[in-house]
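All residue numbers for the sequence shown refer to our numbering, where the first residue is 314 and numbers rise by one.
Structure first, then comments.
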Amino acid sequence: MRIILLGNAGAGKSTLAGRLIAREPAERLSLDAVAFAGGSAQRRPLQESLEEVRRWIAQRQSWIIEGCYADIIEPLLVHCDELLFLNPGIEACVAHCRARPWEPEKFGSPQQQDANLENLIQWVRSYSERTDEYGLARHRALFDASEGAKREFRHPGEYDAL
314 MRIILLGNAG
324 AGKSTLAGRL
334 IAREPAERLS
344 LDAVAFAGGS
354 AQRRPLQESL
364 EEVRRWIAQR
374 QSWIIEGCYA
384 DIIEPLLVHC
394 DELLFLNPGI
404 EACVAHCRAR
414 PWEPEKFGSP
424 QQQDANLENL
434 IQWVRSYSER
444 TDEYGLARHR
454 ALFDASEGAK
464 REFRHPGEYD
474 AL
């Protein structure tokens, strides 16, 4: 299994990755871990992120990579068996963000995560207007141009079919 999960924040990428790994053991990489240097809010140079992911892939046979970074994902598509585009709509993503448990790998405390929630929701709500690597237009173009195996899911209930 070598799967890439693409979608907006709150789309259910991490949850789906966990479900898939419970069924068939694989290692998981969140692109958040390679996109930013040492907890900084500043993106690392794209080439550095790509090199780190390629090293990670080279050391594993079965994996799931998940993220919203079209610029990182696009050159990695040649390594995956399938691209899954999670596109459940803005309101589902917002609801998932509000229900998200504390993510200690991203925040020092639940209070820090809660303090960032409204910024995250505002960012999630801008998904269809954004033209950067995190936006729907770029995700749609990446998905549509991908020539490998791919599936798009428009409702979280569809994830259960995997």
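Note that the Cβ used here is the ideal one computed from N, Cα and C, for glycine as well.
Remember, it's a predicted structure, so these values are computed and weren't measured experimentally.
Return the first residue and the last residue of the beta strand (DSSP E) that residue i is part of.
i           : result
residue 331 : No beta strand (DSSP E) holds residue 331; the alpha helix (DSSP H) holding it covers 326-336.
Give me the DSSP bridge partner(s) of residue i.
i           : result
residue 463 : 396
residue 380 : 319
residue 356 : 349
Looking at the unbroken alpha helix (DSSP H) that takes in residue i, where does it start and where does it end?
i           : result
residue 363 : 359-371
residue 436 : 423-438
residue 407 : 403-412
For residue i, which of helix, strand or coil comes out of DSSP?
i           : result
residue 344 : coil
residue 456 : helix
residue 469 : helix
residue 475 : coil
residue 418 : coil
residue 339 : coil
residue 443 : coil
Kindly indicate which residue of the options has the alpha-carbon position closest to the one of residue i.
i           : options            : result
residue 382 : 371, 358, 469      : 358
residue 471 : 401, 348, 393, 454 : 401
residue 460 : 411, 397, 384      : 397
residue 433 : 410, 450, 448      : 410
residue 394 : 370, 452, 332, 441 : 370
residue 388 : 364, 462, 372, 374 : 364
residue 419 : 330, 348, 334      : 348
residue 338 : 360, 374, 361, 362 : 374
residue 391 : 366, 424, 413      : 366
residue 476 : 453, 467, 468      : Residue 476 is absent from the model: the chain starts at 314 and stops at 475.
State whether the region 317-328 contacts the region 352-360, with contact taken as three or more CB pairs (one from each stretch) at a distance under 8 Å. No, they do not touch.
Taking contact to mean at least 3 C-beta pairs separated by less than 8 Å, is the region 375-385 in contact with the region 336-346? The answer is yes - the region 336-346 touches the region 375-385, with three or more Cβ pairs under 8 Å.
Within the chosen definition, does the region 323-332 reach the region 401-421 through at least 3 CB pairs nearer than 8 Å? Taking 8 Å as the limit for Cβ pairs, the verdict is that the region 401-421 does touch the region 323-332.
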